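Chemist:
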Amino acid sequence: MEAVNRFFRKYLLTSAATLILFFVLNIVLIFSVLIWAWQSSSKPDIHLRQISESITVNENGTLIVDAAIADTLNSQNAWAMILNDDGQVLWQECMPDSLPREYSATDIAKFSRWYLQDYPVYVLEHPAGLLVVGCEPDSLVKYNFTLDINYILTIVLGIGIVILANILLVIFLFWRNTRKVEKAVVPILDGIETISQGKPINLPEKGELAEINVKLNRTGKYIIQKDLARADWISGISHDVRTPLSIMLGYAGEMEDNTLLPPEIRTQAGIIRKQGEKLRHLIADLNLTSKLEYAMQPLNIEKVYPLELAREIISGYLNNGLDERYSFDLQAGSEVNTMYIHGDLALLSRMIDNLIKNCIIHNPNGCDITVGVKKDENFCVVSVIDDGIGVPEEKLKDFNNGSFSESVSKSDNEVAHGMGLRLVYQIAKAHNGTVLFENVLPHGLSAVIHIPIG
92 MEAVNRFFRK
102 YLLTSAATLI
112 LFFVLNIVLI
122 FSVLIWAWQS
132 SSKPDIHLRQ
142 ISESITVNEN
152 GTLIVDAAIA
162 DTLNSQNAWA
172 MILNDDGQVL
182 WQECMPDSLP
192 REYSATDIAK
202 FSRWYLQDYP
212 VYVLEHPAGL
222 LVVGCEPDSL
232 VKYNFTLDIN
242 YILTIVLGIG
252 IVILANILLV
262 IFLFWRNTRK
272 VEKAVVPILD
282 GIETISQGKP
292 INLPEKGELA
302 EINVKLNRTG
312 KYIIQKDLAR
322 ADWISGISHD
332 VRTPLSIMLG
342 YAGEMEDNTL
352 LPPEIRTQAG
362 IIRKQGEKLR
372 HLIADLNLTS
382 KLEYAMQPLN
392 IEKVYPLELA
402 REIISGYLNN
412 GLDERYSFDL
422 QAGSEVNTMY
432 IHGDLALLSR
442 MIDNLIKNCI
452 IHNPNGCDIT
462 VGVKKDENFC
472 VVSVIDDGIG
482 VPEEKLKDFN
492 NGSFSESVSK
502 SDNEVAHGMG
512 LRLVYQIAKA
522 HNGTVLFENV
532 LPHGLSAVIH
542 IPIG
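This note's numbering numbers the first residue of the sequence shown as 92 and each following residue consecutively.
1) Is the stretch 273 to 281 touching the stretch 243 to 256 in the sense that three or more CB pairs, one from each, lie closer than 8 Å?
2) By DSSP's criteria, Asp459 is part of a beta bridge. Which residues make up the other side?
3) Out of Leu532, Ser474, Pro291, Val180, which has the shortest C-alpha to C-alpha gap to Val526?
4) Does the pairing of the stretch 428 to 435 with the stretch 525 to 540 give three or more beta-carbon distances under 8 Å?
5) Take the Cβ of Gln316 as the centre, count every other Cβ of all protein chains shown within 10 Å, and call the residue buried at 16 or more, exposed below.
6) Quick one: using the 10 Å Cβ neighbour count with 16 as the cut-off for buried, is Arg441 buried or exposed?
7) Give a single yes or no on whether Gln422 has its beta carbon closer than 6 Å to a heavy atom of the ligand SAM.
8) At a cut of 8 Å, does the stretch 211 to 221 reach the stretch 166 to 181 through at least three beta carbon pairs?
9) Going by other Cβ atoms of all chains shown within 10 Å of its Cβ, with 16 needed for buried, is Ala519 buried or exposed?
10) Roughly how many whole angstroms lie between the Cα atoms of Val353 and Glu415?
11) Quick one: using the 10 Å Cβ neighbour count with 16 as the cut-off for buried, is Ser498 buried or exposed?
12) Measuring only the C-alpha atoms, how far is Ile476 from Glu368?
13) By the three-class DSSP mapping on this structure, what secondary structure does Gln179 have?
14) Give the single residue among Ser329, Asn428, Asn168, Gly361 whose Cα lies nearest to the Cα of Leu340.
15) Restricting to runs no shorter than 3 residues, where is the beta strand (DSSP E) found entirely within the stretch 191 to 253?
16) Short of 6 Å in beta carbon distance, which residues of its chain neighbour Arg97, apart from the five on each side in sequence? Order them along the chain.
17) Measuring CA to CA, which of Met430, Gln359, Val212, Pro187 is closest to Ile199?
18) Is it the case that the Cβ atoms of Asn428 and Ile544 are separated by a distance below 7 Å?
19) In whole angstroms, what is the alpha-carbon distance linking Lys448 and Ala320?
20) Note down the Cα distance separating Ile392 from Arg402, rounded to an integer number of angstroms.
21) Check the C-beta distance from Cys471 over to Met430 and give it rounded, since I have them as a contact under 8 Å.
22) Which residue comes first and which comes last in the alpha helix (DSSP H) that contains Asn449?
23) Let me know the secondary structure DSSP gives Asn372 once reduced to three states.
24) Helix, strand or coil for Glu505 per DSSP?
25) Residues in the same chain with beta-carbon distance under 8 Å from Thr269, minus the five sequence neighbours each way, listed in chain order, please.
26) Suppose contacts are defined by Cβ-Cβ distances below 7 Å. Is Ile460 in contact with Phe495 by that definition?
27) Using a Cβ-Cβ cut-off of 7 Å (strictly less than) and excluding sequence neighbours within five positions of Arg364, which residues of its own chain qualify?
28) Using the Cα positions of Leu398 and Pro455, report the straight-line distance between them to the nearest angstrom.
29) Give every residue of the same chain whose Cβ lies closer than 7 Å to the Cβ of Leu446, excluding the five residues on either side of it in the sequence, and list them in chain order.
30) Apart from the five residues on each side of it in sequence, which residues of its chain come closer than 7 Å, Cβ to Cβ, to Ile262?
31) For Glu426 and Leu487, which I take to be in contact (beta-carbon distance under 8 Å), what is that distance rounded to the nearest angstrom?
32) Please look up how many angstroms separate the CB atoms of Ala161 and Glu184, rounded, as I've assumed it's under 8 Å.
33) Taking the CB atoms as reference points, tell me whether Ala423 and Val464 lie closer together than 7 Å.
34) Which residue marks the beginning of the alpha helix (DSSP H) containing Glu399, and which one marks its end?
35) With a cut-off of 8 Å on the beta carbons, I'd call Ile374 and Ser329 a contact; round off their distance for me.
36) Rounded to whole angstroms, what is the Cα-Cα separation between Leu307 and Val247?
If you want it as structure tokens, here you go:
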């Protein structure tokens, strides 16, 4: 569920980032358009202050005009004049003939704000009077606004509020849509997770995604039925094979012990018995791993003392005529004498026994087997270590990931199935524990099991 929440948080943050990027991009585009419009503008490049400074008045009151003014005005298709206080033209340059040479105060007031006839003009105070610079008609648009300051402030504040309200509204809509999608998708994701765990699901078959829920319910039922059918088939095969196999083992044992038979026949009967025993153990492992896989094996929980259990298993091997090529060493501290865990005694015994068998089967030339029991904080740690041939590194990765699908070849080219180690992994998992497989130096294999205490 945390992964789902993390996904939707990321989705919401991504949506917010997209919104911010949208606004930033629009602002950049607006400024880009303004800059583009400014660069493409054909507004006359007229500097009133520069023109005014190019016209001076001497001590006699005569105007001295820089000759470059005419070139500047011609290049911009403009004209200029200076009016005295009586509205008469004292000086003019490139001024159209259609314009009058004398203006009243009213005329000056009008064209200062608007146009002189069709000519847009600029005005600037000059020591000799009023400097007027005009541009060609239709080259500029002049507006004159007078606005109340409270009106301007209200407009700016209102625009800010509208923009903020729009941002909050979009964020709310993103959040609302995300919540709607989450409510519709979370049950589906939970259903997929439930199916992956082999559990039945029953999603509500309504809403916009009802069709998906229907298919998931159907898929969950199909998978469960398929798994149950496979488990029933394995259980049935195990039951059907057990009786004829017992008869075969019985006759093979009698033939092996019958001293009246030739030695060759007795040897062959012994081989049949040993291989039959392997087949019986394989069938039992297959049946048990199937039950553990589909949680069909009930756990008989009781107090289990790991040290005592390890001693019993090792004693069983020693008392049953263990080959002298193999030796045992039990390592345990005094703190584990009274340590116990809650678990299924039969399954835990099977787990340790399978690890020891794995050491023996895969090291036909013999090895030293060390069984350790210790306490690590709130965990009981059981380890089985041998100094045999070890396991390839790629196999260790599969084992630690719970993958035992491929077979492991023994040194005599006989194929040994990974069913025993799979059972170790499943039994530890059923007890909320973990298993770690590692190669030891200079050679050998280590299996360390952590099971919670209590």
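For glycine and all other residues, C-beta sits at the position ideal for the given N, C-alpha and C.
Given the structure is predicted, the values throughout are model-derived calculations rather than measurements.
Modeler: Checking against the coordinates, here is how it stands:
1) no
2) The partner list for Asp459 (beta bridge, DSSP) reads Ser418.
3) Ser474
4) Counting Cβ pairs under 8 Å, fewer than three are found: no touch.
5) By the 10 Å Cβ count, Gln316 comes out exposed.
6) buried
7) Here there are no bound small molecules, and the ligand SAM is not part of this structure.
8) yes
9) buried
10) What sits at residue 353 in the sequence shown is Pro, not Val. Roughly 28 Å between the two C-alpha positions.
11) Reliability of the predicted coordinates at Ser498 is poor, the pLDDT of 46 falling under 50, and the value obtained from them is presented with this limitation in mind. Ser498 is exposed by the Cβ-count criterion.
12) Between Ile476 and Glu368, the C-alpha separation is close to 25 Å.
13) Gln179 sits in a strand when the DSSP states are folded into three classes.
14) The shortest Cα separation from Leu340 among Ser329, Asn428, Asn168, Gly361 belongs to Gly361.
15) 210 to 217, 220 to 225
16) Correct list: empty, nothing qualifies.
17) Val212
18) no
19) 31 Å
20) 20 Å
21) 6 Å
22) 436 to 452
23) Residue identity check: residue 372 is His in the sequence provided, not Asn. Here His372 sits in helix by DSSP.
24) Note that Glu505 scores a pLDDT of 45, beneath 50, so its modelled location is shaky; the value from the coordinates is reported in the next line. Coil at Glu505, not helix or strand.
25) Phe99, Tyr102, Leu103, Ser106
26) no
27) Leu340, Ala343, Gly344, Glu347
28) 27 Å
29) Val475, Val515, Ala538
30) Ala107, Leu110
31) At roughly 30 Å, the Cβ-Cβ gap does not stay under 8 Å, so Glu426 and Leu487 are not in contact.
32) 6 Å
33) yes
34) Glu399 -> alpha helix (DSSP H) spans 397 to 410.
35) 5 Å
36) 55 Å
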